[in-house]
Amino acid sequence: MVEPGQTKFQIDLRRHMREQGEDRDLTRLICEIAEASKYIVNSIRTGDLGVAGTSNLYGEQQLALDVLSDRILRKRLFHSGVVANIASEEIEEVISVDVESNRRFSVAYDPLDGSSLVDVNLAVGTIVSIFEGEDLFRSGRNQVAAMYILYGPRSTLVYSTGNGVHEFAMNALMEYTLVRENITLNSSAKIYSPGGQRNQYSPGTEAFVRDLEIRGAKLRYSGGFVPDINQVLMKGQGVFLYPHLNNAPDGKLRLLFELNPMAYLIEQAGGAASTGKESIMDLIPESMDCRAPVFIGSKEDIARAEMLVAQLG
Ligand code: F6P
Ligand code: MN
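Residue numbers (this note's numbering): 145 to 457.
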């Protein structure tokens, strides 16, 4: 306990990673991404809304926030000195970093997930997946780290390098300081976030959701993947689904930029992530656009979803 007059020492992200004995290059990379997010936060807070393609007061061209966020992140990744290849949800092809670099890691990211929610002032986020080496088209099991930054009423950062899942919050000095270490999930969900139109659900998904409702699970869907997954992690239980739909058999979410990193974090916290048939992190992406259905969160519920999808489709 902190006594009056005593200050509680705050642990920032870099120090946390150092104390965990993390690789120095990986620490550098994750801290660069954290730095970039400070500029993204500012753009979200102060950027004019709905002005992409127009000029601002000073006659400067305005960029859509997602395009701007992409540029901010890309620049930092280029300058980190430890990145070989970059895949961004905003760019059609993999970019090879041509500045001098030791090319140890490759990074896939969604710079501003849920960007259409900015206009209605709901939470959005940045999602990042990190691989060692130059190849981004491997299964998610090969990730060496994953993280997201949530831009909500507060900005928080959650990362894992395979040594637990840790949460940091941005303080008044725009530093990320440790809030919670080693976040874990209970195996049974009391909240659920169902994406996709229900009248397009398969019988297995419909049975799964009906089951959750009968059990009294509460509906919690914001329309933003980052805040919805963050809620599951911070509440210590829950499921999120964006399943196979009759009119979209691969669902909506993208493997490289969205599903792999979130699956890594949720599995690290003791949860599971499945397409309904197999583990998300066993999928091998064929293209940057690769999508997959997803059931992710508390372990027992994901197993139940798999069982119902196997039985009923
Ligand atoms: O990037 C995709 C995304 O915006 C996610 O953040 C979110 O989970 C999902 O789409 C929401 O989709 P829908 O609008 O169909 O509910
Ligand atoms: Mn997205």
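The beta-carbon is built from N, C-alpha and C at its ideal position, and this holds for glycine as well.
CB contact flag (residue i, residue j, <8 Å)
| i | j | result |
| --- | --- | --- |
| LEU261 | VAL251 | no |
| VAL370 | ILE446 | no |
| ASP254 | GLU233 | yes |
| GLN154 | VAL309 | no |
| GLY382 | GLY420 | no |
| ASP169 | ARG247 | no |
| SER240 | LEU209 | no |
| GLY415 | LEU329 | yes |
| LEU266 | GLY368 | yes |
| SER224 | ARG172 | yes |
| ASP372 | TYR365 | yes |
| LEU217 | ALA180 | yes |
Assigned secondary structure, residue i (DSSP; H/G/I helix, E/B strand, else coil)
| i | result |
| --- | --- |
| VAL272 | strand |
| ALA228 | strand |
| GLY284 | helix |
| ILE335 | strand |
| ILE428 | coil |
| MET314 | strand |
| PHE153 | coil |
| LYS443 | helix |
| LEU385 | strand |
| LEU322 | strand |
| SER181 | helix |
| ILE239 | strand |
| TYR295 | strand |
| ALA351 | helix |
| ARG248 | coil |
| ALA267 | coil |
| LEU97 | Given that the chain is displayed from residue 145 to residue 457, the structure contains no residue 97 and the question cannot be resolved. |
| SER187 | helix |
| VAL309 | coil |
| ASP214 | helix |
| THR300 | strand |
| SER259 | helix |
| ALA449 | helix |
| ALA436 | coil |
| ASP169 | helix |
| ILE372 | Reading off the sequence shown, one finds Asp at residue 372, where the question assumed Ile. ASP372: helix per DSSP, three-state reduction. |
Expected contact under 8 Å - CB spacing of residue i and residue j to nearest Å
| i | j | result |
| --- | --- | --- |
| MET425 | LEU400 | Contact doesn't hold; Cβ gap of about 12 Å is too wide. |
| VAL185 | SER299 | 5 Å |
| TYR386 | LEU397 | 5 Å |
| GLY284 | TYR408 | 6 Å |
| LEU427 | ALA417 | 10 Å between Cβ atoms; not a contact. |
| ALA289 | ILE174 | 7 Å |
| ALA361 | ALA333 | 6 Å |
| TYR320 | ASP167 | In fact, because the Cβ distance is near 19 Å, the residues do not count as touching under 8 Å. |
Buried versus exposed call for residue i [16 or more other C-beta atoms within 10 Å across all chains shown]
| i | result |
| --- | --- |
| ARG458 | The question about residue 458 has no answer here: the residues shown for the chain are numbered 145 through 457. |
| ASP279 | exposed |
| LEU403 | buried |
| PRO297 | exposed |
| ASN374 | buried |
| ILE358 | exposed |
| GLU176 | buried |
| TYR405 | For clarity, residue 405 is Pro in the given sequence; the question names Tyr instead. Label assigned to PRO405: buried. |
| VAL243 | exposed |
| GLU236 | exposed |
| ALA454 | exposed |
| PRO338 | buried |
| GLU422 | exposed |
| LEU456 | exposed |
| ARG342 | exposed |
Close beta carbons around residue i, own chain, < 6 Å, minus the five adjacent residues each side
| i | result |
| --- | --- |
| LEU452 | GLY348, ALA351 and PHE352 |
| HIS160 | LEU322 |
| LEU389 | GLY340 and GLN344 |
| GLU429 | Here the sequence assigns Pro to residue 429, which means Glu is not the residue at that position. Contacts found: PHE281, LEU399 and LEU400. |
| TYR292 | GLY269, ILE271, VAL302 and VAL370 |
| LYS443 | SER331, GLY415 and ALA416 |
| ASP214 | SER232, GLU234 and PRO255 |
| MET318 | LYS182 |
| HIS325 | The sequence given here places Glu at residue 325; His does not occur at that position. Hits under 6 Å: HIS310. |
| ILE410 | ALA417 and ILE440 |
Close beta carbons around residue i, own chain, < 8 Å, minus the five adjacent residues each side
| i | result |
| --- | --- |
| GLN164 | THR305 and ASN307 |
| ALA228 | SER240, VAL241, SER245, ARG247, ARG248, PHE249, SER250, GLY277 and GLU278 |
Close Cβ partners of residue i (< 7 Å) along its chain, the five nearest in sequence each way excluded
| i | result |
| --- | --- |
| PHE275 | PHE249, SER250, ARG282, ASN286, GLN287 and VAL288 |
| PHE439 | VAL383, LEU385, PRO387, SER418, GLY420, ILE446 and ALA449 |
| ARG363 | A small correction: the amino acid at residue 363 is Leu; Arg does not occupy that position in the sequence shown. For LEU363, where only same-chain residues beyond five positions count, the Cβ hits under 7 Å are TYR336. |
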